[in-house]
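A short write-up of the structure that comes next.
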DNA sequence: AGCCCGCGTGAAAACGTTTACGTTGGCGCC
DNA sequence: GGCGCCAACGTAAACGTTTTCACGCGGGCT
C-alpha cells in the first residue's frame with residue numbers, strides 16, 4: 003500500500019483533483035458540502051500531500067537553512083533552540099548545516115542547500131560579500147548573523163559586541179580594577195574582533211594610562227584555561243580579566259582555581275554571552291548578557307519577513323541589545339542580580 | 003535570469019536531456035567526449051539540479067529528520083553536532099525539529115516531515131511503539147534513541163543508563179561514602195527512570211542497609227540547584243549525591259557553594275553525561291562519561307545503513323558504553339584523569 | 001425573455017527530473 | 001556483403017502537485 007495521492011482522494015470523494023487541491027489549500031472555490039466530503043476522504047485515506055511535488059510546482063519549500071560554524075558549546079545550542087522555536091511558529095522547517103571549515107566547504111554547503119530552502123540564515127566567519135555574490139542566487143533571501151558584511155546589500159543582524167565590551171570593561175574599571183586583560187577570540191572572527199575593539203576603546207577612554215594586555219584564545223573552554231595560566235605566568239598580573247566569551251571565562255576560572263588564585267579577590271573575571279551555565283559556575287560569572295535564543299528567533303522572523311515580501315523589505319542592519327550582568331566574579335559593588 | 007534547468011544544459015551542450023542526466027549522475031552510457039561537453043555546459047550555466055524535481059521522481063530526499071525534545075543544554079548541542087557531522091559525511095541533509103511538548107505535537111511534527119525525509123532519528127519521551135505504528139508509514143526507516151521501546155520491531159540505540167548508574171553509585175560507595183542520595187530526572191523520561199533503577203539496584207546490592215534518598219529534578223540546572231538546597235535541609239544529609247545528569251549536578255554544586263558546604267569534603271557529588279563544561283566547574287565534576295557526539299554519529303550511521311538496505315537490516319537494540327570519570331567532586335581515591 | 005455574470009467544477013498544462021524504451025549507426029562475424 | 005548486435009543517444013512517460021482556463025448552470029438584471 004503506497005502512500006495515497008491526491009488522485010486517490012479525488013476518486014474517493016468523486017471529484018476532480020483540482021477540487022481536492024482547492025478544498026485542502028485555498029479556502030475558496032468549493033462548496034461547503036464537497037469540501038466536507040473531500041476532507042472526509044482525505045482523512046480516511048490518511049492523505050499527506052507529497053512535499054516534493056508541491057515544492058516543484060510552488061517553488062516554495064517552507065524550509066529555511068541555517069549555516070553555522072562548528073556547533074560547539076551552549077551558545078549554538080541556544081541559538082538553534084531560538085531559531086527552531088520561531089521556525090515552528092512560522093510553519094517553517096529547519097535545515098541545519100554546520101562545521102564548514104573553509105570557504106570551499108561553505109560554498110559546497112550553500113550549493114547543496116540550493117533549491118531545498120526558501121532562505122538562509124548564515125553565521126560564518128568565512129562568508130563575506132564577495133562569497134555571497136559568487137555563491138548565492140540573487141533571489142535567495144539571506145539574513146547574516148554577526149557578520150562584518152555591511153552596506154545596504156544584505157540583511158544583517160548583529161549582537162552589540164562593541165557596546166557590550168565597552169560597557170563591561172568600563173564596569174570592571176569602575177569596580178576599582180586598574181588593569182584589565184583581554185582573552186581574545188579567534189583571529190578573523192567578527193564577534194571576536196569587535197569585542198577586542200571594544201576592549202581597546204574602553205581602555206583608551208577610561209584608563210588611558212593602563213597597559214593593554216591581550217592573550218589569544220579561540221572561544222573554547224580549553225583555550226580559556228590555557229590563557230588563564232598564561233596570564234598568571236606573566237610578570238605583572240592584571241587585576242581583572244575580560245574573556246571574549248563565557249566558555250573561555252569558564253576555562254579561565256578553572257585555571258585560576260587550579261593555581262590557587264582567588265576570584266574575585268585576587269583577580270576579577272568577566273565573560274560575554276551569558277550562556278546558561280554562567281550563573282552556575284562558582285563563583286557565578288559576571289558577563290554581558292545577550293539573549294541568544296531571542297537572537298535566533300529575531301533572525302528567523304526577519305528572514306521569514308523577507309521571504310514573505312521579497313524585495314520589499316529594504317536590507318537593514320539591526321543590532322541586538324545587551325545587559326551587564328553582575329554576579330560574583332567581577333568584584334566591586336554588586337547590585338542585586340537582575341534576573 | 004531564472005535558474006538554469008537541465009534543458010538549458012542540454013541545449014547548450016547540443017544533446018538531449020537524457021544524456022545530460024546520464025552524464026551528471028549515472029556513470030555509463032555516454033561517450034567521454036560528450037560527457038566532457040556536458041560538464042562544461044553545466045559549469046558555464048552554473049547548473050544545479052532542482053532538488054524537488056529529483057525527489058519527486060527518485061523518491062529519495064537525501065535528508066534525514068531529527069525529532070528531539072527541547073534543545074536545552076549542552077547534551078543536545080553535542081548530540082546534534084555528532085549527528086550533523088556524520089550526516090555531512092554520508093552526504094545527507096539534516097532537518098531538525100524539537101520541542102514537541104505533547105504527543106499531539108510530536109505527531110504533527112512527524113506528519114509534517116513525511117515525504118521530506120528518508121528516515122527519522124527520534125529522541126522523545128512521548129514516543130512509544132503505539133505512537134509509531136499510528137503515525138509512521140511502515141516503510142519509513144527509524145532509529146530510536148534512548149527509548150523504552152524494545153522488541154524486534156524497531157531499531158534502538160541506547161546509552162547504558164543503568165550500567166553507568168550502577169557503576170557510579172558503586173564508585174561512590176567504594177570511596178567511603180555511606181549514604182548516597184539521588185537527584186532524579188523528570189518522571190516519564192526513559193533515561194531518568196533507567197538511571198534511577200541503576201541507583202536503586204546498586205544501593206540494594208552494595209549498601210543494603212543504607213537508606214535510600216531520592217529528590218526530584220527535571221534535568222535542568224535550576225532543578226539541580228533546588229534539589230541541592232532541599233537535600234541540605236533534610237534531617238540527615240547524605241554523604242554523597244548522585245545527580246541523574248550533569249546539568250543538575252552543576253546546579254546542585256552551585257547550591258552547595260551558596261550554602262557554604264564543601265565539595266567533596268562535606269558532600270561528594272557526581273553527575274551523568276560528561277558534558278563539556280563538567281571538567282571546568284570547580285571542583286571538576288566526576289561523572290559518567292558517554293560520548294554524546296559519538297552517540298549521535300552512531301545513530302545517524304545506523305539510520306543511513308537502514309535507508310541504504312531497507313528491510314535487510316534486522317532491527318537491533320545497541321547500547322553505547324560508558325566510562326566512569328573521576329575528577330574532584332567525588333572524593334576518595336582519585337586515579338589520574340583518563341582524558 | 002434574453003443576457004451576463006459569477007460560482008462551482010473539471011480538464012489539462014506545467015514544474016524539472018529520471019528512466020524505460022526506441023532508434024540510430026557502426027562494427028564484427030558468418 | 002548482409003545480418004545482427006551493442007553502444008550511444010533521443011523520445012517520451014512518469015512522479016504528484018497547483019493553477020489556468022474553459023465549461024455549464026442558475027439567477028438577477030435590463
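Protein chains in written order, with the working numbering: chain E, 3 to 341; chain H, 3 to 341.
By construction, the Cβ of each residue, glycine as well, lies at the ideal position given by its N, Cα and C atoms.
Quick caveat, the model's predicted, so the values are computed rather than measured.
Extent of the continuous beta strand (DSSP E) run through residue i
| i | result |
| --- | --- |
| residue 291 of chain H | 288-291 |
| residue 325 of chain E | 325-327 |
| residue 66 of chain H | 65-69 |
| residue 243 of chain H | 242-245 |
Residue i, DSSP secondary structure in three states
| i | result |
| --- | --- |
| residue 253 of chain E | helix |
| residue 277 of chain H | coil |
| residue 315 of chain H | coil |
| residue 308 of chain H | helix |
| residue 22 of chain E | helix |
| residue 294 of chain H | helix |
| residue 36 of chain H | helix |
| residue 265 of chain H | coil |
| residue 330 of chain H | coil |
| residue 248 of chain H | helix |
| residue 73 of chain H | coil |
| residue 272 of chain H | strand |
Min CB distance residue i to chain H below 8 Å
| i | result |
| --- | --- |
| residue 158 of chain E | no |
| residue 341 of chain E | Unreliable positioning characterises residue 341 of chain E in this predicted model, as indicated by a pLDDT of 41, which lies under 50. A coordinate reading is not provided. |
| residue 170 of chain E | no |
| residue 284 of chain E | yes |
| residue 96 of chain E | yes |
| residue 139 of chain E | yes |
| residue 296 of chain E | no |
| residue 223 of chain E | yes |
| residue 88 of chain E | no |
| residue 259 of chain E | yes |
| residue 1 of chain E | Because residue 1 of chain E is not part of the residues shown, which for chain E are 3 to 341, the question remains open. |
Check: residue i C-beta below 7 Å from any heavy atom of the ligand GTP
| i | result |
| --- | --- |
| residue 196 of chain E | Questions concerning the ligand GTP fall outside what the structure shown contains, since it holds no ligand whatsoever. |
Span of the alpha helix (DSSP H), counted from its first residue to its last, around residue i
| i | result |
| --- | --- |
| residue 60 of chain H | 53-60 |
| residue 83 of chain E | 76-92 |
| residue 13 of chain H | 8-15 |
CB contact below 8 Å: residue i versus chain E
| i | result |
| --- | --- |
| residue 78 of chain H | yes |
| residue 185 of chain H | no |
| residue 161 of chain H | no |
| residue 262 of chain H | no |
| residue 256 of chain H | yes |
| residue 13 of chain H | no |
| residue 150 of chain H | no |
| residue 66 of chain H | no |
| residue 73 of chain H | yes |
| residue 82 of chain H | yes |
Legend entry - Contiguous beta strand (DSSP E) assignments of at least 3 residues, all confined to the segment 100-135 of chain H: 121-124
Inset, instruction - Taking only runs that begin and end inside the segment 135-194 of chain H, name each unbroken alpha helix (DSSP H) of 4 or more residues, in chain order. - result: 163-176
Legend entry - Uninterrupted alpha helix (DSSP H) stretches inside the segment 187-235 of chain E (no shorter than 4 residues): 192-208, 223-235
Legend entry - Near-chain E residues of the segment 25-58 of chain H (beta-carbon distance less than 7 Å), N- to C-terminal order: 50, 52, 53, 54, 55, 57, 58
Legend entry - Proximal residues, the segment 230-253 of chain E versus chain H, C-beta separation under 9 Å: 249, 252, 253
Inset, instruction - For the segment 268-282 of chain E, enumerate the residues whose C-beta is nearer than 7 Å to any C-beta of chain H, in chain order. - result: 278, 279, 282
Inset, instruction - With 7 Å as the C-beta to C-beta threshold (strictly closer), list the residues of the segment 100-124 of chain H near chain E in chain order. - result: 100, 101, 113, 116, 117, 118
Legend entry - Residues of the segment 192-219 of chain E with Cβ closer than 8 Å to any Cβ of chain H, in chain order: none
Legend entry - Within 8 Å of chain H by C-beta, residues of the segment 301-313 of chain E in sequence order: none
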